[in-house]
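The block underneath contains the structure these notes are about, expressed in structure tokens.
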Amino acid sequence: MKTLTELKFDNRFARLGDVFSTEVMPQPLEAPRLVVASEAAMSLLDLDPAVAEEPLFAELFSGHKLWSTAEPRAMVYSGHQFGSYNPRLGDGRGLLLGEVINDAGEQWDLHLKGAGKTPYSRMGDGRAVLRSSIREFLASEHLHALGIPSSRALCVTGSSTPVYRERPEHGAMLLRLAKSHVRFGHFEYFYYTKQHDELKQLLDHVVECHFAECFEHPEPYHSFFREVLERTAELVAHWQAYGFCHGVMNTDNMSILGITFDFGPYAFLDDFDARFICNHSDDAGRYSYENQVPIAHWNLAALAQALTPFVAVEQLREAMNLFLPIYEAAWLDLMRRRLGFRTAEDDDKALVQGLLQLMQDSAIDYTNFFRELGSNAPEQALARLRNDFIDIKAFDAWAATYRQRTEREGDDQAERQTRMHAVNPKFILRNYLAQQVIEAAEAGDYGPVREFHAVLSRPFDEQPGMERYAERPPEWGKHLEISCSS
Ligand code: AMP
Ligand code: MG
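Adding 301 to a residue's 1-based position in the sequence shown gives its number in my numbering.
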């Protein structure tokens, strides 16, 4: 276990030089205080959980103090936003503080979001508000606990610094951890500015640090693209299987590591709705739940374009054609498990699609359905669940097929329940619950956000006494407009 001052930095990205990032010092927040910290994320840096209580913790994560070996830098990137190319984005309010190597030899980027203006701030103030910082914190750690690849969050620090959005709010900072902060948009920036030597330097850096096995292939860059494509397809399969809507799948928000990255107006589905749009500024529904699959493919094409100086178009095209099959296989595998199947049968896809259509038609709670399905033997579980469906005849037909399919699995209910509960969360990050803990935190009470975070860190456990966090939203909580401003 380490103290805060014992963290060791080795800043490889900073060493790439000023073409890739600019040195910027964090601008401190007034009267910093710790809102919430993740012990699980602290353990990635070997930090003793007790250090979160030290004043130094809030000072380091609010821009007041800095390790002498940290080298805060704003990265440059560009990207396609809602389909249009924006030639210059970059870290407008977040700084890569540096890279820490833990005792296991893993390297973690420390990125402080909300740290003030940078050369890439454009019209922005360089700040983040408490509301959006809490939302990113909760989602990062919850996705990880669900087994969905994500950037991580160490802590949120609140302050009295005023920040103006649709209303006056308080400034906050989030300390994000990820093995890399390189996005698809980094590659697009060097490609579209025709800096091909630098593009190659970036490519070599990313492959060396994060995809070293690709160097064993005769064509390492081709193999790298295939790997990014595979990870991205598998990531989106997880999002779809668990009802996670990212909301702003611009290419600058796509991690090169295939992890969930840059949280905005995200949502988990409450009632199943394939056309659900969580971002209320997304009028056309470009980033609706069901569009996440074709959009991930589109984004990979944008990355492929940026790699054309180094990988043959034919090879890129071939890899692109693998996206849908990889996605489908990963998604179907997850859905089979959610239904309690250990084996694969040809008709499983139709069975899953049939269920989703029924859920859509009857506005069924996407999380609770699967949890309840595993809680009792199929016959009893289905008898209970059928009351929630409007077209009972259609549900009964589906249920009969499901029961027969389950019988062919041939296991007992205890085993089935253990298996299903391990993949079907009891607790999911529902926006109406996030809203409640945010309002408490804005009023200075951090108890609720800490409790909610603790619940969401063990989403598959029963957690007696915490049942209220598993409830479907009340009417007011169903159609919350989550502001995109952050
Ligand atoms: P996002 O929508 O958070 O992914 O951000 C898109 C771009 O806008 C990135 O370049 C951000 O760094 C930048 N940005 C977002 N909010 C702010 C802000 N308040 N101040 C400065 N830049 C910002
Ligand atoms: Mg972003």
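Heads up, the beta-carbon is just placed ideally off N, CA and C, and yes, glycines get one too.
Computed from a prediction, not measured in an experiment: that's the story for all the values here.
Can you pull the DSSP bridge partners for residue i?
i	result
Leu-504	Its beta-bridge partners do not exist; DSSP assigns none.
Trp-409	Val-401
Pro-463	His-471
Ala-338	Cys-456
Leu-305	Note: Leu-305 sits in no beta bridge, so no partner.
Thr-323	Ala-375
Ser-441	Paired residue(s): none; Ser-441 is not in a bridge.
Cys-546	Ala-568
Tyr-590	Answer is none; Tyr-590 lacks a bridge partner.
Ala-684	Paired residues: none, contrary to the question.
Ser-556	Arg-484
Gly-395	Lys-414
Ala-698	BP columns for Ala-698 are empty, so no partner.
Tell me whether residue i counts as near the ligand MG, meaning its Cβ is closer than 6 Å to at least one heavy atom of that ligand.
i	result
Asp-563	yes
Asn-600	no
Asn-387	no
Asn-554	yes
Can you tell me the Cα-Cα spacing of residue i and residue j, whole angstroms?
i	j	result
Gln-496	Gly-391	16 Å
Leu-732	Ala-771	Rather than Leu, the amino acid found at residue 732 in this sequence is Asn. C-alpha separation (whole angstroms): 12 Å.
Ala-695	Ile-665	14 Å
Gly-586	Gly-415	28 Å
Leu-659	Tyr-667	11 Å
Ile-557	Phe-690	41 Å
Gly-748	Glu-740	12 Å
Gly-258	Arg-374	An answer regarding residue 258 cannot be provided, because it is not within the stretch 302 to 787 covered by the chain.
Arg-704	Phe-642	11 Å
Leu-657	Asp-571	13 Å
Tyr-386	Asn-551	10 Å
Glu-489	Val-612	14 Å
Pro-626	Ala-603	19 Å
Arg-720	Thr-644	13 Å
Lys-650	Phe-562	29 Å
Ser-582	Leu-781	13 Å
Val-738	Gly-778	13 Å
Asp-634	Phe-573	19 Å
Met-636	Asp-426	43 Å
Thr-707	Tyr-628	25 Å
Ala-723	Asp-498	48 Å
Ala-735	Pro-566	12 Å
Pro-774	Ala-597	29 Å
Ala-742	Val-336	8 Å
Is residue i near residue j, with beta carbons less than 7 Å apart?
i	j	result
Pro-726	Phe-761	yes
Met-474	Thr-458	yes
Arg-311	Ile-402	Looking at the sequence shown, residue 311 is not Arg but Asp. Yes, these two residues count as a Cβ contact at 7 Å.
Leu-447	Leu-478	no
Arg-428	Val-377	no
Ala-338	Ala-353	yes
Ala-620	Arg-532	no
Lys-366	Glu-360	yes
Leu-396	Val-325	yes
Arg-468	Met-555	no
His-471	Leu-431	yes
Ala-730	His-539	As written in the sequence, residue 730 is Leu, which differs from the Ala given in the question. In this structure, His-539 does not lie closer than 7 Å to Leu-730 by Cβ.
Gln-433	Ser-441	Note on identity: in this sequence residue 433 is Ser, with Gln being the wrong assignment. In this structure, Ser-441 does not lie closer than 7 Å to Ser-433 by Cβ.
Gln-541	Trp-599	no
Gln-714	Gly-675	no
For the ligand FAD, any of its heavy atoms closer than 6 Å to the Cβ of residue i?
i	result
Arg-316	As presented, the structure is devoid of the ligand FAD, carrying the ligand AMP and the ligand MG as its sole ligands.
With respect to the beta strand (DSSP E) encompassing residue i, which residues constitute its N-terminal and C-terminal limits?
i	result
Asp-713	Neither: Asp-713 is in no beta strand (DSSP E) and is coded neither H nor E.
Met-376	374 to 376
Tyr-386	385 to 387
Sorry if obvious, but does the Cβ on residue i come closer than 6 Å to a heavy atom of the ligand AMP?
i	result
Asp-426	yes
Leu-330	no
Arg-394	yes
Ser-582	no
Leu-398	no
Leu-390	yes
Ser-422	yes
With respect to the alpha helix (DSSP H) encompassing residue i, which residues constitute its N-terminal and C-terminal limits?
i	result
Pro-626	624 to 639
Arg-751	748 to 757
Thr-533	521 to 543
Gln-382	First-last for Gln-382: 380 to 382, but that is the beta strand (DSSP E), not the alpha helix (DSSP H).
Tyr-493	485 to 493
Tyr-667	667 to 676
Ser-363	Here Ser-363 belongs to no alpha helix (DSSP H), and DSSP marks it neither H nor E.
Met-621	614 to 621
Asn-725	No alpha helix (DSSP H) contains Asn-725, which DSSP labels as neither H nor E.
Asn-732	732 to 743
Gly-280	In the structure as shown, the chain begins at 302 and stops at 787. Residue 280 is therefore absent and cannot be evaluated.
Counting only C-beta atoms, is residue i closer than 7 Å to chain B at any point?
i	result
Ile-693	Given the protein chain composition of this structure (a single chain), no chain B is represented.
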